Every structure is written in C-alpha cells, then in structure tokens.
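Numbering (this note's numbering), first residue to last: 87 to 256.
Positions of the beta carbon are idealized from the N, C-alpha and C atoms, including for glycine.
Here the structure is a predicted model, which means the values were calculated and not measured.
Okay, structure first, notes after.
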Amino acid sequence: MMIVNTRCTIARMIALGALLIIGSGCGSKVIQYPEDHARYLRIDQAVESLRQAYVKKELSGIKAILVPKEPLEQVAREAESDFGSFQEIIMEFRIERIMIEADDIDVYVHWQGLWKTDSNDPGIRQRGHSRLQWVGTKDILLRGIQGDVPFGAKARQALATPTDAQPLVK
C-alpha cells in the first residue's frame, strides 16, 4: 500500500512541476514598439468602422472616414443605393496584409457579403479581394479602393445576367 501512495505522490509532483515549467513560460509580452502597435490598432479599427457603418446602413459613418474625393463620393453613392435596395446587409472583412509607408497605408482584405431584399429572400452572395488605401497616423482616413469593391451590390446585380434566362431547347 505504501508503494502505491509513493508512486501517486511522485506522479503528482512530476505533473505539478511540469505545469509550473509550462506556466512560467507564458508570461505577458512587452510590446517592443508601442507607437506602431497603437497605429495598427487604429488601422484595424478604421477597417472595422467602415464595415460596421455599411452593415448598419450609416452613410454618415462611411462619409466620416472618407477623404473627400470624387471616386470615393461614388463609393458613398453606391453604398447609399444598397441601403435603399436591401433590407439586410451582412459583410465580413478579413485582413490579409497591411503595408505602411510613411502616411500611406494599404490594407488588403478578402470580403464576402450577403444582401437580402426581405426576410424571405435567400439573398445574393458575393465575395472578392480589395486593396483599401488609407492615409494618416493618428486619424486614419480612406483615400481609395482598388480591386473588387464591396459596395455597390445593387449595381453589380443589375449587370449580372440571370442564369435561368436561357431559352429552353426542346
């Protein structure tokens, strides 16, 4: 009986020692470049603010983060058109890469969305890759979009040719 208890005690001590060794290596990390880290967090928040404003159909929220330029005003008009055409908009952004050069920021995102006209509508699904061009260090503003623009689903839907419109051959 004494041998069994000794073995259990030794096994417990080994397990406790392993936990202490593993636990001591998991301390909190010190951020080496806090200013850069804070900027990355602001960039991430700007991307999320753009997504949320679109999903919540807040045109003022979209315009608040845009640099006033004609191409971006077109983006705002397309978003506003989507707001009037779709009852529900679901949009996801996944940041793939962030590149920073001085005040210029390129955020490469993969996006996917679902636009529904009503609760019974299965909706239209689309996805793509975009380069969101931002500018700023403290205030991050969108200055351009390249690639597949996630806004303007109504316009893309109008350009698409329905597959069921093909004539039947008898």
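The segment 191-208 / the segment 157-167 touching (three or more Cβ pairs under 8 Å): Touching, no, given that fewer than three Cβ pairs across the two stretches are closer than 8 Å.
Assess contact between the segment 124-132 and the segment 213-228, defined as three or more Cβ pairs (one per stretch) separated by less than 8 Å. Is contact present? Output reads yes: the segment 213-228 touches the segment 124-132.
Beta-carbon proximity list for I191, same chain, < 8 Å, skipping 5 on both sides: Only I129, I184, M185, Q219, W220, V221, G222 and I226 meet the Cβ criterion.
Cα-Cα separation, P154 to S171: Straight-line measurement puts the Cα of S171 at about 25 Å from the Cα of P154.
Does the Cβ-Cβ distance between T203 and Q173 come in under 7 Å? Yes. Within cutoff.
Going by DSSP, name the residue or residues bridged to I175. In the DSSP output, where bridge partners are listed per residue, I175 has W201.
When you compare only the Cα positions, how much space is there between I175 and K142? Using only the alpha carbons, I get a separation of about 8 Å.
If distances are taken between C-alpha atoms only, which option among S146, P208, G209 and L136 comes closest to V235? Minimum Cα distance to V235 is reached at L136.
Can you give me the C-alpha to C-alpha distance between E144 and K115, rounded to a whole angstrom? Each residue's alpha carbon lies about 38 Å from the other.
What first and last residue would you give for the beta strand (DSSP E) that runs through L228? If you look at L228, you'll find it in the beta strand (DSSP E) that goes L227 to G233.
Cα-Cα separation between G147 and R211, rounded to whole angstroms: Cα to Cα, the separation comes out at about 24 Å.
Would you kindly work out how many angstroms separate the C-alpha atoms of Y140 and I181, rounded to a whole number? So the alpha carbons of these two residues sit roughly 17 Å apart.
When the Cα of P157 is compared with those of Q243, R242 and F237, which residue comes out closest? That would be F237, whose Cα lies nearest to the Cα of P157.
With H, G and I counted as helix, E and B as strand and the rest as coil, what does DSSP make of D250? Only weak support exists for where D250 lies, its pLDDT of 47 falling under 50; the coordinates are left without a value.
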